[in-house]
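Participant: Convert by adding 115 to the 1-based position in the sequence shown; the result is the number in this note's numbering.
Virtual Cβ for every residue (Gly too), placed ideally from N, Cα, C.
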Amino acid sequence: MEWSERIGRRIRLRDLHILLAVVQSKSLAKAAEQLAISRPVVSKVIADLEHALGVRLLERDRHGAEPTIYGAALLKRATTVFNELREGVKDIEFLVDPAAGEVRIGSGPNVADTLVSAVIERLSRRHPRIVFHLVTSDETDTLYRDLHERKVDFLIARKGGRLGDEKLRFEILYDPSFVVVAGSRSPWARRHRIALAELVNEAWVLPPPEGLMGPAFLNVLRAGGLDEPRIAVFATPGVRLNLVATGRFLTITTSLIFGLSKRPGIKVLPVKLQYASLPMGIITLKNRTLSPVAQLFIDEAREVAKPLGRRKW
């Protein structure tokens with residue numbers, strides 16, 4: 116059957132929208148209620164779609180409605196269609212008013228607290244009508260799933276093994292370095308040279324071990340010869356730096372967190388660390404066209420990251 120006969124004339128966006136509602140609610144009756152249409156209308160739309168395509172799209176039993184492999188394949192593409200239409204509307208809104216729009220960013224909590232927050236602060240001053248949706252998670256799988264499902268426009272995250280996925284594109288923003296920091300009142304702040312192993316009995320405050328950065332920071336310490344640091348507190352970046360400023364604790368952090376979260380009374384210690392390079396960057400879907408607002412955010416992120424790549428710690 117020709118394209119124009121099967122698709123162009125017989126399948127409408129409304130039909131796909133109804134099919135999506137049925138699958139999401141797992142019920143023809145619930146979908147009809149949500150869409151404010153009758154149950155027979157929903158049934159007829161599904162039947163017409165199945166007739167047009169020549170395959171069964173739904174499996175229905177007393178437990179509800181589930182997509183067949185054919186239904187799932189159609190909805191996978193339909194989701195892309197709906198997303199592109201939404202982005203097209205956003206593009207028009209942006210062209211009408213370049214200072215407005217929405218952008219959805221996915222990242223880990225550490226990056227959200229620092230780099231992403233800095234970009235939002237700069238953009239919101241120039242474009243106060245832009246709406247920012249920040250989605251954070253310590254679970255890498257969750258972030259990548261949100262990107263593939265188009266719940267976020269892009270990720271700002273570290274380069275990892277998942278970037279072997281041919282559907283993804285990675286653009287490096289900068290390569291952060293790791294540093295050990297102490298309060299300026301700490302005795303260690305007066306030393307000109309320190310071996311990492313000397314700090315084994317100090318009280319360390321580190322990221323939670325179940326998060327993205329906890330294991331990474333521990334691996335850096337262990338690679339430098341500090342196999343069993345005395346961890347006194349597990350906390351978020353802001354709390355860690357506050358505790359370090361008291362002079363009683365040490366922490367390991369990155370140039371990103373230290374550079375964008377400057378706190379008085381904190382000093383980088385002269386400790387050499389060994390670690391593998393793991394660049395920070397922007398992760399996008401190759402087959403997805405970003406909205407002008409999303410591109411504006413990425414351009415600003417490049418500007419914010421520039422000095423981080425040049426600065427010496």
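What ranges does the beta strand (DSSP E) occupy inside the region 372 to 420, keeping only unbroken runs of at least 3 residues that lie completely in it?
Facilitator: Correct list: 381 to 383 and 395 to 400.
Participant: For Ala310, which three-state DSSP category applies?
Facilitator: Coil.
Participant: In the DSSP assignment, what residue or residues form a beta bridge with Trp303?
Facilitator: Looking at the DSSP assignment, Trp303 forms no beta bridge with any residue, so it has no partner.
Participant: Would a C-beta distance cut-off of 7 angstroms place Ile287 and Val226 closer than the cut-off?
Facilitator: In this structure, Val226 does not lie closer than 7 angstroms to Ile287 by Cβ.
Participant: Leu135 and Leu190: beta carbons closer than 7 angstroms?
Facilitator: Yes, Cβ-Cβ distance for Leu135 and Leu190 is below 7 angstroms.
Participant: Can you tell me whether DSSP reads His248 as helix, strand or coil?
Facilitator: Here His248 sits in strand by DSSP.
Participant: With C-beta atoms as the reference, is Trp319 less than 7 angstroms away from Pro344?
Facilitator: Yes; because the gap between Cβ atoms is below 7 angstroms, this pair is in contact.
Participant: Measure the C-alpha to C-alpha separation of Arg308 and Ser252 and round it to an integer number of angstroms.
Facilitator: Using only the alpha carbons, I get a separation of about 37 angstroms.
Participant: So, is Arg177 buried or exposed, given that buried needs 16 or more other C-beta atoms within 10 angstroms?
Facilitator: So Arg177 counts as exposed.
Participant: Taking the C-alpha atoms as reference points, what is the distance between Glu317 and Phe332?
Facilitator: The alpha-carbon atoms of Glu317 and Phe332 are separated by roughly 16 angstroms.
Participant: Got a sec, what are the start and stop residues for the beta strand (DSSP E) Leu230 sits in?
Facilitator: Element bounds for Leu230: n/a, residue is neither H nor E.
Participant: Suppose you measure from the CA of Val231 to the CA of Val267; what does that come to, to the nearest Å?
Facilitator: So the two alpha carbons sit approximately 14 angstroms from each other.
Participant: Could you please give the first and the last residue of the uninterrupted alpha helix (DSSP H) stretch that includes Ser222?
Facilitator: First-last for Ser222: Ala215 to Ser222, but that is the beta strand (DSSP E), not the alpha helix (DSSP H).
Participant: What are the residues that DSSP puts in a beta bridge with Thr366?
Facilitator: In DSSP, Thr366 forms a bridge with Val296.
Participant: Please confirm if the region 333 to 343 is in contact with the region 353 to 360, defined as three or more CB-CB distances below 8 angstroms between the two stretches.
Facilitator: In short, these stretches do not touch, since the Cβ pair count stays below three.
Participant: Given this structure, state the Cα-to-Cα distance separating Gly396 from Ala416, to the nearest angstrom.
Facilitator: Between Gly396 and Ala416, the C-alpha separation is close to 9 angstroms.
Participant: Go ahead and label Ile367 buried or exposed: buried means 16 or more other beta carbons lie within 10 angstroms of its beta carbon, across all protein chains shown.
Facilitator: The residue in question, Ile367, is buried, as its Cβ has 16 or more Cβ neighbours within 10 Å.
Participant: Between the region 255 to 265 and the region 298 to 305, can you find at least three pairs of beta-carbon atoms closer than 8 angstroms?
Facilitator: Touching, no.
Participant: Can you name the start and end residues of the alpha helix (DSSP H) that Val320 belongs to?
Facilitator: From DSSP, Val320 is part of no alpha helix (DSSP H) but of the beta strand (DSSP E) over Ala318 to Leu321.
Participant: Taking its Cβ as the centre, do 16 or more other Cβ atoms sit within 10 Å of Glu202, making it buried, or is it exposed?
Facilitator: Classification of Glu202: buried, given that the 10 Å Cβ count is 16 or more.
Participant: Going by other Cβ atoms of all chains shown within 10 Å of its Cβ, with 16 needed for buried, is Ala151 buried or exposed?
Facilitator: So Ala151 ends up on the exposed side.
Participant: So, helix, strand or coil for Glu165, using DSSP?
Facilitator: Note: Glu165 maps to helix in three-state DSSP.
Participant: Are there 16 or more other CB atoms within 10 angstroms of the CB of Pro379, so buried, or fewer, so exposed?
Facilitator: The residue is exposed, with fewer than 16 neighbouring Cβ atoms inside 10 Å.
Participant: Can you give me the C-alpha to C-alpha distance between Val138 and Ala193, rounded to a whole angstrom?
Facilitator: Using only the alpha carbons, I get a separation of about 12 angstroms.
Participant: Give me the Cα-Cα distance between Leu388 and Phe293, rounded to the nearest whole angstrom.
Facilitator: Distance between the alpha carbons of Leu388 and Phe293: 7 angstroms.
Participant: Using only alpha-carbon positions, find the residue among Asn198, Leu411 and Asp130 that is nearest to Val156.
Facilitator: When each option's Cα is compared against that of Val156, the closest is Asp130.
Participant: Could you tell me which whole alpha helix (DSSP H) segments of length 4 or greater appear in the region 130 to 166?
Facilitator: Within the region 130 to 166, the complete alpha helix (DSSP H) runs of at least 4 residues are 143 to 150.
Participant: I'd like the span of the beta strand (DSSP E) that includes Ala347, first residue to last.
Facilitator: Where Ala347 is concerned, the enclosing beta strand (DSSP E) stretches over Arg345 to Phe349.
Participant: What does the alpha-carbon distance come out to for the pair Leu393 and Asp290?
Facilitator: One C-alpha to the other measures close to 7 angstroms.
Participant: For Arg219, which residues from the same chain have a beta carbon less than 6 angstroms from its beta carbon, with the 5 sequence-adjacent residues on both sides left out?
Facilitator: So the list reads His248, Val267 and Asp268, once near-sequence residues are dropped.
Participant: Using a Cβ-Cβ cutoff of less than 7 angstroms, which residues in the same chain neighbour Glu165 once the five nearest sequence positions on both sides are dropped?
Facilitator: Counting only Cβ-Cβ distances below 7 angstroms, and skipping sequence neighbours, we find Arg171 and Leu172.
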